[in-house]
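For reference, the structure is listed below as structure tokens.
Listed below in structure tokens is the structure:
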């Protein structure tokens, strides 16, 4: 990234941080957490411990970071090297990202940037100008991306409350600042479990690794009565509702499955696979099983977009492109190369083809963060 | 320590304080080597180990779960304690491991029976207490099931590789897992084995007792049966091959895939310099960053921690597993192609 762009982003971020200290608060049990941050064009600085809001705000003002992170884990000595920190426990965290949802809208709003010649084009695997395959893809998520991610958050919340017994009030949902949501679970029975256990929990939530026997389908002498009912709790009920749909359908399908168990078994395996893609919650398992992660700090700006990671009070009504955009309206001239239209704070922008335009700071930051524009 | 009745000590002899038990009964170890009547018990102990070494479970003289006759109880307990003495004297760790596992499975049967006991509430209570005291797993009875918290379940079930133990294949409700008595006990088998194993390892090794030599020598030669040699084909497992293919095609391999590939090759003895060129085609390749990260994984920079290759289970969760029949139920890619001879 060019120096002029970095200077512009840093100035814009710094203004936001200075004006919105109220949004950036240290998490509970601050002194047991590890903090970290990145500056533009530079590596990660981590293993930092912070005492209170004041120290945190100082970090923001002194360093003007591009991104700030805080551990979900609690340590005795958060500022020591990893193996001396003395890990105590960690909040359960989930990352739901539109990029993992296989949405059909995605190809319409993905831009390919060539790493060799910087040529920008609509979603392609190869640079149209120099044929290089070193392509970096940037997505400008649309309303559908956000709505689909919200559905996953609701599915996740249902599994957490009904199956895992977590009270609703201990589940906190944040917009990630780019194209998804971060979900935190506090004070649960899972605080002290390790990475392998969390990986198993992730598999459960994703509906991964299910075998036909669990839902009553056996290769030999399957019993009609052992298939799940529509009103059952947990995955059984959710599966039955999705797959059977109705009681009458249920008995018809089961009769066919049981008639020829060997065939029925293998077709049931395929059914589970197909249904899994529909009902399984699409979380990123790597995040959930990481017990030493430093996770984006609520209130901080995501340098992939210039939007802030913020708490969603009412998920259904939440619109990140209005509510998470906090940067100023001051006009700025940029050279934009963005083949896709996008909308921020109820205003439409683009498409721009190598064009000098004067637009508000919040939109200019968005484009520069996506590497689709530079300061003119 | 739990207060145990006569029958309980015979069923769960590892819960008894060995030294105290002998003292209470008025015996010394030396007597077992010399007294012809008592010497039979040394043979019985040897037999108990031999059965365990064969992967079978020792059948006790208990009828149902009652001691058949008055004399049977001490015999049960003595043969267990003497087996430990013999194992300690032989110093053969492979035998200790096998013995601990077999004894765990034997105890498991009784625990299961006690848990399922409807007529005698006290037996069930004891089984629940044994599980809680030894393994800190709180079990509660709920209708025909035993329920435990999901977190407790996970701590134990992650040691199993069979798919039916995956949480997704369990009845989960309101933060609890529902289990049958058999499953409840099966869940702690490994820990029961570990518990018995550590009790034996931590027991003091006595000096050789006259009359025990023969049995000890037989144990030493018995253990030779279990020495294994492994050969490796040298071929990469499918997950590693897949990762290399992706990189060769210039496609993006996720961070977790790069981590697997690098840790795998490092464990196989390749150097950072040998591995680095593999990443040249990655869309975001940066030589400086690649070398930094490889050195970090190898433990030559940073904290000095050497990172190990992730397990098959973890790779499955990360969608990086492309298992074929050649994988043959291995649990870590590093085991691929190793054959026992």
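Protein chains in written order, with our numbering: chain F, 1 to 376; chain B, 1001 to 1341. The beta carbon of each residue, even a glycine, is placed where N, CA and C say it ideally should be. Predicted model only: the values in this text are computed from it and were never measured.
Under the three-state DSSP convention, the category residue i falls into
{"i": "residue 1156 of chain B", "result": "helix"}
{"i": "residue 180 of chain F", "result": "strand"}
{"i": "residue 30 of chain F", "result": "helix"}
{"i": "residue 241 of chain F", "result": "helix"}
{"i": "residue 1001 of chain B", "result": "In this prediction, residue 1001 of chain B scores a pLDDT of 49, lower than 50, which makes its location untrustworthy; the coordinate-derived value is nonetheless stated afterwards. Residue 1001 of chain B: coil per DSSP, three-state reduction."}
{"i": "residue 90 of chain F", "result": "strand"}
{"i": "residue 374 of chain F", "result": "strand"}
{"i": "residue 11 of chain F", "result": "helix"}
{"i": "residue 1056 of chain B", "result": "coil"}
{"i": "residue 1142 of chain B", "result": "strand"}
{"i": "residue 1338 of chain B", "result": "strand"}
{"i": "residue 163 of chain F", "result": "helix"}
{"i": "residue 1232 of chain B", "result": "strand"}
{"i": "residue 1255 of chain B", "result": "helix"}
{"i": "residue 1093 of chain B", "result": "helix"}
{"i": "residue 1130 of chain B", "result": "helix"}
{"i": "residue 172 of chain F", "result": "strand"}
{"i": "residue 366 of chain F", "result": "helix"}
{"i": "residue 1007 of chain B", "result": "helix"}
{"i": "residue 1171 of chain B", "result": "strand"}
{"i": "residue 1227 of chain B", "result": "coil"}
{"i": "residue 1272 of chain B", "result": "helix"}
{"i": "residue 185 of chain F", "result": "strand"}
{"i": "residue 1162 of chain B", "result": "coil"}
{"i": "residue 1288 of chain B", "result": "helix"}
{"i": "residue 316 of chain F", "result": "coil"}
{"i": "residue 1345 of chain B", "result": "An answer regarding residue 1345 of chain B cannot be provided, because it is not within the stretch 1001 to 1341 covered by chain B."}
{"i": "residue 1361 of chain B", "result": "This structure does not reach residue 1361 of chain B, given that chain B is present from 1001 up to 1341, and the question cannot be answered."}
Buried versus exposed, by CB contacts within 10 Å (16 or more), residue i
{"i": "residue 167 of chain F", "result": "exposed"}
{"i": "residue 1193 of chain B", "result": "buried"}
{"i": "residue 1208 of chain B", "result": "exposed"}
{"i": "residue 42 of chain F", "result": "exposed"}
{"i": "residue 19 of chain F", "result": "exposed"}
{"i": "residue 287 of chain F", "result": "buried"}
{"i": "residue 7 of chain F", "result": "exposed"}
{"i": "residue 1319 of chain B", "result": "exposed"}
{"i": "residue 1167 of chain B", "result": "buried"}
{"i": "residue 151 of chain F", "result": "exposed"}
{"i": "residue 209 of chain F", "result": "buried"}
{"i": "residue 141 of chain F", "result": "buried"}
{"i": "residue 117 of chain F", "result": "exposed"}
{"i": "residue 1046 of chain B", "result": "buried"}
{"i": "residue 1161 of chain B", "result": "exposed"}
{"i": "residue 1326 of chain B", "result": "exposed"}
{"i": "residue 1304 of chain B", "result": "exposed"}
{"i": "residue 1036 of chain B", "result": "exposed"}
{"i": "residue 319 of chain F", "result": "exposed"}
{"i": "residue 1119 of chain B", "result": "exposed"}
{"i": "residue 47 of chain F", "result": "buried"}
In DSSP terms, what residue i is bridged to
{"i": "residue 388 of chain F", "result": "Missing from the structure shown is residue 388 of chain F; chain F here goes from 1 to 376 and no further."}
{"i": "residue 38 of chain F", "result": "F/44, F/67"}
{"i": "residue 338 of chain F", "result": "F/352"}
{"i": "residue 302 of chain F", "result": "F/307"}
{"i": "residue 113 of chain F", "result": "F/120, F/136"}
{"i": "residue 1148 of chain B", "result": "B/1177"}
{"i": "residue 294 of chain F", "result": "F/71"}
{"i": "residue 1297 of chain B", "result": "The partner list for residue 1297 of chain B (beta bridge, DSSP) is empty, contrary to what the question assumes."}
{"i": "residue 343 of chain F", "result": "F/348"}
{"i": "residue 1110 of chain B", "result": "Answer by DSSP bridge pairing: none, since residue 1110 of chain B is not bridged."}
{"i": "residue 97 of chain F", "result": "F/180"}
{"i": "residue 1077 of chain B", "result": "DSSP lists no partner for residue 1077 of chain B."}
{"i": "residue 1220 of chain B", "result": "Residue 1220 of chain B is not bridged to any residue."}
Cβ of residue i within 7 Å of any chain C Cβ
{"i": "residue 1173 of chain B", "result": "No chain C is part of this structure, whose protein chains are labelled F and B."}
Legend entry - Touching by the beta-carbon criterion (3+ pairs, under 8 Å), the region 1133 to 1149 of chain B and the region 1094 to 1114 of chain B: no
Inset, instruction - At 4 residues or longer, and completely inside the region 218 to 292 of chain F: list those alpha helix (DSSP H) runs for me, N to C. - result: 234 to 243, 247 to 259, 261 to 279, 285 to 288
Inset, instruction - Check whether the region 110 to 125 of chain F touches the region 66 to 75 of chain F, counting contact only when three or more Cβ pairs, one atom from each stretch, lie closer than 8 Å. - result: no
Inset, instruction - Tell me the start and end of each unbroken beta strand (DSSP E) in the region 1019 to 1055 of chain B that is at least 3 residues and wholly inside, in chain order. - result: none
Legend entry - contact_flag[the region 1087 to 1103 of chain B, the region 1040 to 1055 of chain B] where n(CB pairs < 8 Å) is 3 or more: yes
Inset, instruction - Would you check if the region 1252 to 1264 of chain B and the region 1273 to 1282 of chain B touch, i.e. whether three or more CB-CB distances between them fall below 8 Å? - result: yes
Inset, instruction - Take every Cβ of the region 355 to 364 of chain F, pair it with every Cβ of the region 279 to 298 of chain F, and state whether three or more of those distances are shorter than 8 Å. - result: no
Legend entry - Secondary structure, beta strand (DSSP E): runs of 3+ residues fully inside the region 1177 to 1205 of chain B: none
Legend entry - Inter-stretch contact (C-beta, 8 Å, three-pair minimum) for the region 1145 to 1159 of chain B and the region 1078 to 1086 of chain B: no
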